[in-house]
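Asks: Structure provided below as structure tokens; questions to follow.
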Amino acid sequence: MSDTATAATLDPAAAYPEVNAVRAALAARDWAGVRRVVDAASPVGRTMLLRIGADSDDLEDLLRYVVLTDPDDSGAAAMLGMHLIRIGWGIRSGARAQHVSSEQFSTFHDWLRRAEVVLLDGLARHPADPALWTARLISARGLEMGLAETRRRYHKLAALDPHHLPGQIQFLQRLCPKWSGSWELLHPWCREAMLAAPPGALQAGLVVEGHIEHWLDLDGDEPSLRYLQDGPVRAEIYEAAQRSVWHPDFRRDPGWVQVANGFAMVFGLLDDQRAAASVFAMLGNLATELPWGYLQGGALDNFNTRRHWALAGAGGET
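Residue numbering for the sequence shown follows this note's numbering, beginning at 192 and increasing consecutively.
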């Protein structure tokens, strides 16, 4: 059975085996074991592993103990900050603001303010840690600190690592109208980030993510599809594919699975079976919650349905 025929999974450990090592070390309360894995990763991989690790349950006591006994451990500070943000966001939920109660907002902001204290203290000791700045982009958005402050934080990150994809994804979200940004700010920034990165880099996926966010914001299937099918938008999507998933220098760097899933979904929305099949063949069974969760039905069902359609049309295995 080929990997395209196996059951799809949303677990990032299927693409990044280091995730299981981090999870196992956290479950064993072995912080030294966590450090061995994350410290060996690239800066982007390190931020990704810390963020995924932060999704584990019941971590606050462990991480506060580590930070208390070793205040210079910026990885522990980053994971603790991300963990506190994750708790707060779970209380807020992913609903639009008009569907979140004032009590939810109050509790959400309280958790994010706790995270800010941890992250600020971490940055006082390690101002050059991209994971800490990435976490502060999330808290700035949740606390509605304003675009000027969010830009300041992003520029601090970009000065350390101009192509730090986890932070760029967070800044992209802040530029969306749902977070008081605008399409006039978002789309040019996505394109600039793509063109500033080397050919084959993952940053081209930011262009697609921006167009998916715009598509999602439109009311009704017909206006949404008209937007994606608009000549300049469609051309920009295919240009982004040529600079990333279709480029000979495209690598399976941390974050590539989400980028490829974005292309797979948008090609499906454009009804381009051949283009979608080329990306699904690359992905095999590797799905991501977003963007597939934006469609009606579960993310895995949407991924499987579109994969079957794309590969069947291309003569591939399903």
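For glycine and all other residues, C-beta sits at the position ideal for the given N, C-alpha and C.
First and last residue of the alpha helix (DSSP H) that includes Tyr-256?
Replies: Working through the sequence shown from its first residue, we reach residue 256 at position 65. Element bounds for Tyr-256: 251-260.
Asks: Going by DSSP, name the residue or residues bridged to Thr-200.
Replies: Locating residue 200 in the sequence shown gives position 9, where the first residue counts as 1. According to DSSP, Thr-200 bridges with Leu-477.
Asks: Between the alpha carbons of Gln-394 and Trp-447, how many angstroms are there, rounded?
Replies: For the purposes of this step, residue 394 is taken as the residue at position 203 of the sequence shown. For the purposes of this step, residue 447 is taken as the residue at position 256 of the sequence shown. Taking the straight line from one Cα to the other gives about 10 Å.
Asks: Between the alpha carbons of Cys-381 and Leu-397, how many angstroms are there, rounded?
Replies: Here residue 381 corresponds to residue number 190 of the sequence shown, with the count starting at 1. Here residue 397 corresponds to residue number 206 of the sequence shown, with the count starting at 1. So the two alpha carbons sit approximately 6 Å from each other.
Asks: Is DSSP giving Gly-391 helix, strand or coil here?
Replies: Counted from its first residue, the sequence shown places residue 391 at position 200. Coil, per DSSP.
Asks: Enumerate, from N- to C-terminal direction, the unbroken beta strand (DSSP E) stretches of 3 or more residues contained entirely within the stretch 312-378.
Replies: Segments of the beta strand (DSSP E) lying fully in the stretch 312-378: there are none.
Asks: Taking 8 Å as the threshold, find out whether the stretch 343-357 comes into contact with the stretch 270-290 through three or more Cβ pairs.
Replies: Flag = no, the stretch 343-357 and the stretch 270-290 do not touch.
Asks: Determine the direct distance from the alpha carbon of Pro-203 to that of Arg-365, and round the result to whole angstroms.
Replies: Locating residue 365 in the sequence shown gives position 174, counting from the first residue. Locating residue 203 in the sequence shown gives position 12, counting from the first residue. Taking the straight line from one Cα to the other gives about 24 Å.
Asks: Report the rounded CA-to-CA distance for Pro-318 versus Ser-435, giving the unit in angstroms.
Replies: Against the sequence shown, residue 318 aligns to sequence position 127. Against the sequence shown, residue 435 aligns to sequence position 244. Between Pro-318 and Ser-435, the C-alpha separation is close to 31 Å.
Asks: Can you give me the start and stop residues for the alpha helix (DSSP H) that Trp-500 sits inside?
Replies: In the sequence shown, the residue the question calls residue 500 occupies position 309. First-last of the alpha helix (DSSP H) with Trp-500: 490-504.
Asks: If contacts are defined as beta-carbon pairs under 8 Å, then Pro-353 and Ala-322 qualify, I think. What distance do you get, rounded to the angstrom?
Replies: Looking up residue 353 in the sequence shown gives position 162. Looking up residue 322 in the sequence shown gives position 131. Wrong, their Cβ atoms sit about 16 Å apart, outside the cutoff.
Asks: The alpha helix (DSSP H) with Phe-454 in it runs from where to where?
Replies: Indexing the sequence shown from 1 puts residue 454 at position 263. Looking at the DSSP string, the run of the alpha helix (DSSP H) that includes Phe-454 is 447-460.
Asks: Could you give the C-beta distance for Ala-199 and Asn-452, rounded to a whole number, given that I count them as a contact under 8 Å?
Replies: The residue labelled residue 199 in the question sits at position 8 within the sequence shown. The residue labelled residue 452 in the question sits at position 261 within the sequence shown. Ala-199 to Asn-452, Cβ: 10 Å. No contact.
Asks: State the DSSP-derived secondary structure class of Gln-433, mapped to helix, strand or coil.
Replies: Residue numbering aside, residue 433 sits at position 242 when the sequence shown is read from its first letter. Three-state result, Gln-433: helix.
Asks: Tell me the rounded alpha-carbon separation between Leu-254 and Ile-329.
Replies: The residue given as residue 254 occupies position 63 in the sequence shown. The residue given as residue 329 occupies position 138 in the sequence shown. Computed Cα separation, rounded: 19 Å.
Asks: Could you tell me the distance, in whole angstroms, from the CA atom of Trp-370 to the CA atom of Trp-500?
Replies: Numbered from 1 along the sequence shown, position 179 holds the residue referred to as residue 370. Numbered from 1 along the sequence shown, position 309 holds the residue referred to as residue 500. Rounded to the nearest angstrom, the two C-alpha atoms are 34 Å apart.
Asks: Hey, Gly-244 and Met-270: beta-carbon distance below 8 Å or not?
Replies: Here residue 244 refers to the residue found at position 53 when the sequence shown is read from its first residue. Here residue 270 refers to the residue found at position 79 when the sequence shown is read from its first residue. Yes. Within cutoff.
Asks: Nearest to Arg-498 by CA position, among Arg-425, Ile-403, Leu-481 and Phe-458, is which residue?
Replies: Numbered from 1 along the sequence shown, position 307 holds the residue referred to as residue 498. Checking every option, the nearest Cα to that of Arg-498 belongs to Phe-458.
Asks: For Leu-486, which residues from the same chain have a beta carbon less than 6 Å from its beta carbon, with the 5 sequence-adjacent residues on both sides left out?
Replies: Residue 486 sits at position 295 when you count from the first residue of the sequence shown. Once the five neighbours on either side are set aside, the close Cβ partners of Leu-486 are Asn-493.
Asks: Spatial neighbours of Leu-460 within its chain, please: C-beta separation below 6 Å, excluding the five flanking residues on both sides.
Replies: Taking the sequence shown and counting its residues from 1, the one referred to as residue 460 is at position 269. If we look at Leu-460 and ignore the five residues flanking it on each side, its Cβ neighbours are Leu-419.
Asks: Specify the secondary structure class of Arg-220 as computed by DSSP and reduced to three states.
Replies: One-based indexing of the sequence shown puts residue 220 at position 29. Here Arg-220 sits in coil by DSSP.
Asks: Between the C-alpha atoms of Gln-433 and Leu-348, what's the straight-line distance to the nearest angstrom?
Replies: Taking the first residue of the sequence shown as 1, we reach residue 433 at position 242. Taking the first residue of the sequence shown as 1, we reach residue 348 at position 157. Answer to the nearest angstrom: the Cα atoms are 27 Å apart.
Asks: Grouping DSSP H, G and I as helix and E and B as strand, with all else coil, what is Ser-469?
Replies: Mapped onto the sequence shown, residue 469 falls at position 278. Three-state DSSP puts Ser-469 in a helix.
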